[in-house]
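In what follows, a single structure is set out as structure tokens and then discussed.
Numbering (the numbering used here), first residue to last: 279 to 586.
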């Protein structure tokens, strides 16, 4: 006579534990597979302009790392690298769209206009509740140039090639010596920047930077040598890109102006302008400094910022 073995409460309990263990193991395996897939997706290589012969065309862009969106603005920042070894360059691209150009603001160190007044980019940005900020043109280092900030004239002493941003969100390179601050204000100019040189004009990459005459700031190298850089460009009205390049370190050698101009062209900019660079080059986002100022994570004081 055969007997049928009946399960006991203890047997049922063991079986339940075994089933639970198998279930947990399955979940962990799936989670690891998803994470691995995400890593591969976020590290895909994207050419920054396939037709360019410039080295930066081979830059590798990480997937969107820093993002912000509201009803009036969107910001997406990517870290990019090109080259390797001693030729490695690391830079950061902030793609910004705004509903109104007035969202693109300027601020002075210690909230004061004048020479020799400086604060770090991050401090000025924090004082003005900025979401994104980069160092400006260091207006306080010199006493000339046309200076209009947030629709107000501060200085009218034409001297060089400048940049003007209109209230309609458009941007244009211009010759300061052919106009005046009041004329620009009457035209609807919202901001002016006076440093340079121009990098992209009417969609054309500028060249011959060795022949460009520009004010030498303390600590600056020859203008065309590889250095940390900060610049602003326009893809379309109210659609801007800010680029900050790290330099003077083993992790990033910096860029020449020719390379820097090509980056903006490859990003689709019709206008682009070089701002104060070197030790000043800083990008700030949501309470943190994104890049590596001076190659040693140490900000240098500046007189002004451009921020969103």
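We put the beta carbon where it would ideally sit given N, CA and C, even for glycine.
Asked: Thinking just about the alpha-carbon of each residue, which of 565, 575, 573 is nearest to the one in residue 407?; Found: 565
Asked: Does the segment 532-552 come close enough to the segment 378-387 to have 3 or more Cβ pairs within less than 8 Å?; Found: no
Asked: Just to confirm, are residue 535 and residue 413 a CB contact at a threshold of 8 Å?; Found: no
Asked: Excluding the five sequence neighbours on either side, which residues of its own chain have a C-beta within less than 6 Å of the C-beta of residue 346, listed in chain order?; Found: 353, 409
Asked: Starting from the Cα of residue 425, find the closest Cα among 537, 454, 378 and give me that residue.; Found: 454
Asked: Please report the distance separating the alpha-carbon of residue 558 from that of residue 550.; Found: 18 Å
Asked: Applying the criterion that 16 or more other CB atoms from any shown protein chain within 10 Å of the CB defines a buried residue, is residue 572 buried or exposed?; Found: buried
Asked: State the start and end residues of the unbroken beta strand (DSSP E) segment that holds residue 398.; Found: Element bounds for residue 398: n/a, residue is neither H nor E.
Asked: Using the Cα positions of residue 402 and residue 567, report the straight-line distance between them to the nearest angstrom.; Found: 12 Å
Asked: Measuring straight from C-alpha to C-alpha, what distance separates residue 560 and residue 439?; Found: 23 Å
Asked: Just verifying my parser: in three-state terms, what is the DSSP assignment at residue 524?; Found: coil
Asked: Rounded to the nearest angstrom, how far is the Cβ of residue 531 from that of residue 365, given a contact under 8 Å?; Found: 6 Å
Asked: Mind checking residue 389: buried by the 16 CB within 10 Å criterion, or exposed?; Found: exposed
Asked: In chain order, what residues of the same chain have a beta carbon less than 6 Å from the beta carbon of residue 518, not counting five sequence neighbours either side?; Found: 374, 512
Asked: Rank 392, 580, 470, 569 by C-alpha distance to the C-alpha of residue 343 and give the top, closest one.; Found: 569
Asked: Between residue 378 and residue 445, what straight-line distance do the alpha-carbon atoms span, to the nearest angstrom?; Found: 8 Å
Asked: Note down the Cα distance separating residue 574 from residue 359, rounded to an integer number of angstroms.; Found: 18 Å
Asked: Between the Cα of residue 471 and those of 584, 338, 349, 350, spot the shortest distance and give me the residue it belongs to.; Found: 584
Asked: Go through its chain and collect everything with a Cβ distance to residue 443's Cβ below 6 Å, but skip five positions before and after it.; Found: 449, 468, 469
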